[in-house]
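> Could you have a look at this structure, given as structure tokens, before my questions?
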Amino acid sequence: MNRPRITESSVPKIDYTANKNVARLNWMITELSREGRIAEARRVFDEMPDLEVITWTTMISGYIKCGMIREARKLFDRVDANKNVVTWTAMVSGYIRIDCIFEAEKLFNEMPHKNVVSWNTMIDGYVRNGRIDSALSLFEKMPERNTVSWNTIIMGLAQCGRIEEAWRLFDRMPERDVISWTVMITGLSKNGKIDEARMLFDKMLVRNVVSWNAMIMGYAQNSRLEEAFDLFQRMPERDVPSWNVMITGFIQNGDLQRARKLFNEMPRKNVISWTTMITGYVQDGQSEEALRIFSRMQVASGIKPNQGTFVNVLGACSNLAGLGEGQQIHQTISKTIYHDTPFVVSALINMYSKCGELGTARKMFDDGLTSQRDLVSWNGMIAAYAHHGCGKEAICLFKEMRNLGFKPNDVTYVGLLSACSHAGFVEEGLKYFDELVRDRSVQVKDDHYACLVDLCGRAGRLEEAFNFIEKLPTKPSSACVWGALLAGCNVHGDANIGKLAAKELLEVEPENAGTYLSLANMYALSGKWREAAKVRLKMKDKGLKKQPGCSWIEVGNGVNVFVVGDKSHHQSKIIYSLLQDLHAKMKKAGYVPNDNLSDLLYIVKYGD
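When the letters of the sequence shown are read in order and numbered with the working numbering, they come out as residues 712 to 1319.
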């Protein structure tokens, strides 16, 4: 729906003495705030002679919507402020929106009067911040509850895996609406109880399109794609989210081809449809296709990109080291409301960093901080320094961040530990890892363990790294930890520990050709030819082949892609001739190639 836009001239030319204009002035404050013209909204507010409670609430809400919580609080705390329960609830909601749950809690406890919306707002705040026990305690204290209260607490319990408690509350509900059923179906699906979710879905007397979408998403999340698609085809009516859910399901389960087919068949697409498809190609390593879809989106559809679109296409540029494309997208972003949002700024920092423009990345970071300080941007810049091996700079930035009052999260520590690893700062890395473990507010994840193992592995402290993994309270759930150890063993030629790491890796990823190759190369480097040959033969028997090496270079307006052994490039003869000359010069300069691999291939082919 097109809203009437407030012009510059319409703001001051109003008869403020007419009571009939109060409603219009309140509307004007709302619209100006929505458009980001908060200073003009405040001018209207300040010039009004009689400020009713609804006007105070509207102005405070305007500040909150513009992310200006301090200004909202200043207005809220004024001695002449005209407040009611709606004003108080708006302020509590504002703190929740920016994850200031303690301030929200304090204000909620100070409220002179509360209604059911106030209670629901605070419960929702606890749920959003993972404080489910606090939410449950508040729910039990409520003097009166409505369906929203029940739905919120059931959703919170389901989200944190307490599905049995959620189920018991669902059974206790005095009355349920379609949202109640849908929340429970979603919760059961996310907790792996997909058959129970389907039973509940079948019991629903009234279903809407959201219920169908929730059930389809549940099947997709549990890798039961055919049942999801069967339900999708049986839907009495589909909306755009229905198509988006099914496309997302195919992408999440690695079926990009069917996702694209469905995408092409969509009668109508929205920005989420396009962004989902772009994300799928980026995650699949097909960044060129992601950029092609982005171009199509802009030209063919006329749909404007959102924050998620920009973050993902910048990710595609980062993967391709496509500085030119990245700069063009940056120009597009600069004309939108997303130019200074933390996630977009962080994606720009990452793109410039991956394209070798570390100075530009730092400038983006510094410019971003002048208007908005956010942890996402700090994390992005620390990660950029880590990528370039600038350990000192990363550590300095980390210290500066903390001095300014920013609390590091799990992503911060991944960047910091990675920077220490790439720069060879072993003791510093160990110190920061110890600090992370002692910080109970940050969850230690496999990525952190992998960084520590990589840190020790690069320094040749392989036994120490192996012992560290063995002493972990729970076995790593992802391949990254053992992969980091195997990489260290490969660098230092330690076949004994490498064999143990490879064994663990192959349990998680049995068809990973790279693991077999790393193990074979380690055996070759240590002169264990027979063992190396056995590994290669095992690869051959399994039909495993490593994906050929690929590189690309941007020349003019085109990207030239080169694959190992490929001669399809129109200048391949000249390129290979130059490569031979380069090899000759390298030998003349004293470079001696490692012949282990050729010896190994001979053994694999001909035996002893």
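The C-beta atom is built at its ideal place from N, Cα and C for all residues, glycine as well.
Please read all numbers here as calculations on a predicted model, not as lab measurements.
By a C-beta neighbour count over all protein chains shown, 10 Å radius and 16 as the cutoff for buried, is Val-1010 buried or exposed?
The residue in question, Val-1010, is exposed, as its Cβ has fewer than 16 Cβ neighbours within 10 Å.
> I need the straight-line Cα distance from Cys-871 to Ile-843, nearest angstrom please.
If I take the Cα positions, the gap works out to 8 Å.
> To the nearest angstrom, how far is it from the Cα of Ala-1300 to the Cα of Gln-1291?
Taking the straight line from one Cα to the other gives about 14 Å.
> Note down, one range per segment and in chain order, each beta strand (DSSP E) of at least 3 residues found wholly within the segment 1055-1120.
With a minimum length of 3 residues, no continuous beta strand (DSSP E) run stays inside the segment 1055-1120.
> Roughly how far, in whole angstroms, is the beta-carbon of Ile-927 from the beta-carbon of Leu-911, given that I think they are within contact range, below 8 Å?
About 14 Å; that fails the 8 Å criterion.
> Looking at the structure shown, is Leu-1228 part of a helix, part of a strand, or coil, going by DSSP?
Three-state DSSP puts Leu-1228 in a helix.
> Using 8 Å as the Cβ pair cut-off and three pairs as the minimum, do the segment 1122-1139 and the segment 1148-1166 touch?
Yes: at least three Cβ pairs fall under 8 Å.
> Figure out for me which residue from Gln-1038, Arg-945, Arg-971, Asp-941 has the closest Cα to the Cα of Asn-955.
The shortest C-alpha separation from Asn-955 is found at Arg-971.
> Return the CA-CA distance between Lys-852 and Ser-860, expressed in angstroms with no decimal places.
Going from the Cα of Lys-852 to the Cα of Ser-860 covers about 12 Å.
> Measure the alpha-carbon distance for Gly-898 versus Lys-1074 and round it to whole angstroms.
Answer to the nearest angstrom: the Cα atoms are 44 Å apart.
> Beta-carbon separation of Phe-1076 and Met-1062 under 8 Å?
No; because the gap between Cβ atoms is not below 8 Å, this pair is not in contact.
> Quick check on this structure: which residue in Lys-1186, Lys-1182, Ala-1231 has the alpha carbon closest to the alpha carbon of Val-1202?
Of Lys-1186, Lys-1182, Ala-1231, the residue nearest in Cα terms is Ala-1231.
> Quick check: Trp-799 and Met-822, are their CB atoms within less than 8 Å of each other?
Yes. Within cutoff.
> DSSP three-state call for Leu-762: helix, strand or coil?
Leu-762: coil per DSSP, three-state reduction.
> In terms of residues, what are the limits of the alpha helix (DSSP H) holding Cys-777?
Counting along the chain, Cys-777 falls outside any alpha helix (DSSP H), and DSSP gives it neither H nor E.
> Using the three-state DSSP reduction, which class does Ser-1029 fall into: helix, strand or coil?
If DSSP states are grouped into helix, strand and coil, Ser-1029 belongs with the helices.
> Looking at Gly-805 and Ile-780, is the spacing between their C-beta atoms short of 8 Å?
Yes.
> Restricting to runs no shorter than 4 residues, where is the alpha helix (DSSP H) found entirely within the segment 731-759?
Taking only runs of at least 4 residues, the alpha helix (DSSP H) segments lying wholly in the segment 731-759 are 733-745, 749-758.
> Is the Cβ-Cβ distance between Ser-1057 and Asn-1090 less than 8 Å?
Yes, these two residues count as a Cβ contact at 8 Å.
> Distance check for Ile-958 and Arg-935, CA to CA, integer angstroms please.
Near 14 Å, if we compare the C-alpha coordinates of Ile-958 and Arg-935.
> I need the straight-line Cα distance from Gln-1042 to Ser-1152, nearest angstrom please.
Going by the C-alpha atoms only, they are around 39 Å apart.
> So Met-1324 and Val-796 are supposed to be a Cβ contact under 8 Å. How far apart are they, rounded?
Residue 1324 lies beyond the stretch modelled for the chain, which goes from 712 to 1319, so this question has no answer here.
> Determine, using beta carbons only, whether Asp-1292 comes closer than 8 Å to chain D.
Within the model displayed, chain D is absent; a lone protein chain is all it includes.
> Of all the options Lys-817, Val-827, Arg-873, Val-828, which has the alpha carbon lying nearest to the alpha carbon of Gly-841?
The shortest Cα separation from Gly-841 among Lys-817, Val-827, Arg-873, Val-828 belongs to Arg-873.
> Assign Thr-1185 to one of three DSSP states: helix, strand, or coil.
Thr-1185 falls in the coil class under three-state DSSP.
> For Met-1112, which residues in the same chain have their Cβ closer than 6 Å to its Cβ, ignoring the five residues on either side in sequence?
Within the same chain, Met-1112 has close Cβ partners Trp-1089.
> What is the DSSP secondary structure of Pro-916, counted as helix, strand or coil?
For clarity, residue 916 is Leu in the given sequence; the question names Pro instead. Of the three classes helix, strand and coil, the one that applies to Leu-916 here is coil, per DSSP.
> Could you tell me which of Asn-964, Phe-1005, Gln-997 sits nearest to Ser-984, measuring between CA atoms?
The residue with the shortest Cα to Cα distance from Ser-984 is Phe-1005.
> Measure the CB-CB distance between Gly-778 and Ala-752 and report whether it falls below 8 Å.
No. Outside cutoff.
> Among the candidates Phe-1054, Tyr-1096, Lys-1046, whose CA atom is the shortest distance from the CA of Gly-1067?
Here the closest residue by C-alpha is Tyr-1096.
> Helix, strand or coil for Arg-1237? Go by DSSP, reduced to three states.
Reading off the sequence shown, one finds Ser at residue 1237, where the question assumed Arg. If DSSP states are grouped into helix, strand and coil, Ser-1237 belongs with coil.
> Use the C-beta contact count for Pro-885: other C-beta atoms within 10 angstroms, 16 or more gives buried, fewer gives exposed.
Exposed, since its Cβ has fewer than 16 Cβ neighbours within 10 Å.
> Asn-964 and Val-993 look like a contact to me (Cβ under 8 Å); what is the Cβ gap, rounded to whole Å?
Going by Cβ atoms, the distance from Asn-964 to Val-993 rounds to 17 Å, so no, they are not a contact pair.
> Closer than 8 Å by C-beta to Thr-1081: which residues in its own chain qualify, once you throw out the five before and the five after it? Chain order, please.
Note on Thr-1081: pLDDT 44, under 50, position unreliable in the model; the coordinate value appears next. Same-chain partners within the cutoff: there are none.
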